[in-house]
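Counting in numbering that gives the first Met the number 0, the sequence shown runs from 0 upward without gaps. These notes are about the structure you will find just below.
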Amino acid sequence: MRLYRQTAVSRCRPSTLAVRAASDGQPATETAESQPASFDASLVSKNNVLVPDSEMSITKTSFGTIGLTVGLLLLSYGFGAYFQFLPGSESSALMLTYGFPLALIGFALKYAELKPVPCTSYADAVALREQQATPILKQVRSDVTRFRYGDEQHLEEALKRIFRYNLSGGVQRRNAPTLTSISEQVYNGRYSLLLVFEAPALTKADFTDRQAKMTSFFGPGVQALTEELGPKTFGVRLVAI
């Protein structure tokens with residue numbers, strides 16, 4: 000399932016989250032709806048050993064930067080060769096022919112580019128990831144730590160459904176929270192993915208009141224907990240259960 004709307008580029012990599020988005024109206028359990036769990040800071044692991052991101056993936060590469068760089072290089076050399084400032088005048092037409100569309104495509108991708116958010120991974124959480132993290136948690140982590148094209152923000156579709164933009168009981172679209180970073184931590188002995196949002200126009204209650212909805216959306220096998228991390232900064236902790 001995709002947590003957010005696919006674009007022409009991102010459709011080439013379908014996600015298991017698309018199915019989940021269609022059924023997010025169903026509560027995970029009645030208990031989650033009636034008695035939302037509360038966050039307990041004492042249950043967060045004190046392990047502070049960071050694991051550097053060593054995963055190699057083409058999705059972590061900016062296609063816009065590649066296209067724009069290669070296109071401009073071809074154009075620059077092509078013009079130089081055409082006016083005989085540089086050698087290779089016989090190939091100048093070919094370089095100009097390919098350089099212009101490559102630069103144009105690169106510029107378009109760069110304009111529509113959404114950069115990945117920083118991910119902080121702690122050693123004890125990384126050790127539990129494969130064993131405890133659900134497919135949706137792994138997909139969320141993968142989606143927000145890669146370049147995207149055409150989306151206004153990460154988790155766009157999920158936030159739209161959870162916060163009900165411009166609908167009764169929801170929030171205004173202009174007040175939508177923005178994902179700024181994620182962190183892999185251990186909470187109460189379980190793997191958790193902490194989503195950090197900046198939301199200047201929202202309060203902690205705006206997140207806490209939607210905790211059951213978040214649990215339902217990102218489940219099954221996930222408990223969502225909300226916390227206030229600082230002034231206008233809020234966390235949504237997705238705990239594998």
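Each residue gets a CB set at the ideal place from its N, CA and C atoms; glycine is no exception.
Exposed unless 16 or more other CB atoms sit within 10 angstroms - verdict on residue i
i, result
"Gly70", "buried"
"Ala204", "exposed"
"Met55", "exposed"
"Asp142", "buried"
"Val48", "exposed"
"Lys45", "exposed"
"Ala200", "exposed"
"Leu166", "exposed"
"Ser90", "exposed"
"Leu193", "buried"
"Tyr110", "exposed"
"Phe82", "exposed"
"Gln171", "exposed"
"Gly168", "exposed"
"Leu224", "buried"
"Leu228", "exposed"
"Leu144", "Here residue 144 is Thr; the residue named in the question, Leu, does not match the sequence. Looking at its Cβ environment, which holds 16 or more other Cβ atoms inside 10 Å, Thr144 is buried."
"Ser247", "In the structure displayed, the chain extends from 0 to 240; residue 247 sits before or after that span and is not available."
"Ser191", "buried"
"Glu226", "buried"
Residue from the options with nearest C-alpha to residue i
i, options, result
"Glu197", "Leu72, Ile65, Ile181, Tyr81", "Ile181"
"Leu101", "Gly66, Pro219, Ser44", "Gly66"
"Pro115", "Gly168, Phe146, Asp123", "Phe146"
"Val50", "Thr119, Arg128, Gly168, Thr225", "Thr119"
"Phe78", "Thr96, Pro117, Glu183, Glu129", "Thr96"
"Thr214", "Leu136, Arg140, Arg173", "Leu136"
"Ala92", "Tyr76, Ile104, Gly229", "Tyr76"
"Glu156", "Phe216, Glu129, Glu183", "Phe216"
"Leu108", "Ala126, Thr64, Ala211", "Thr64"
"Tyr148", "Val139, Glu112, Leu127, Ala126", "Glu112"
"Lys212", "Val235, Lys231, Val195, Arg140", "Val235"
Bridge-paired residues (DSSP) for residue i
i, result
"Glu112", "Tyr148"
"Ser120", "Glu183"
"Thr232", "Glu197, Gly229"
"Leu95", "According to DSSP, Leu95 bridges with nothing at all."
"Arg221", "Arg is not the amino acid found at residue 221; the sequence shown has Val there. Its beta-bridge partners are Ala239."
Note to self: Three Cβ pairs or more, each shorter than 8 Å: is that satisfied between the stretch 171–190 and the stretch 149–159?
What the structure shows: yes
Next item on the list: Could you tell me whether the stretch 54–62 touches the stretch 83–95, using the rule of 3 or more Cβ pairs below 8 Å?
Entry: no
Check: Would you say the stretch 161–168 touches the stretch 182–196, given that touching needs at least three Cβ pairs under 8 Å?
Finding: no
Checklist line | In chain order, each beta strand (DSSP E) run of at least 3 residues that lies wholly inside the stretch 132–201 | finding: 177–186, 189–197
Notebook entry, point to check: Counting Cβ pairs closer than 8 Å, one from the stretch 232–239 and one from the stretch 213–221, do we hit at least three?
Noted result: yes
Check: Considering only residues of the stretch 28–78, which uninterrupted alpha helix (DSSP H) runs meet the minimum length of 4 residues and lie entirely inside it, listed in chain order?
Finding: 29–33
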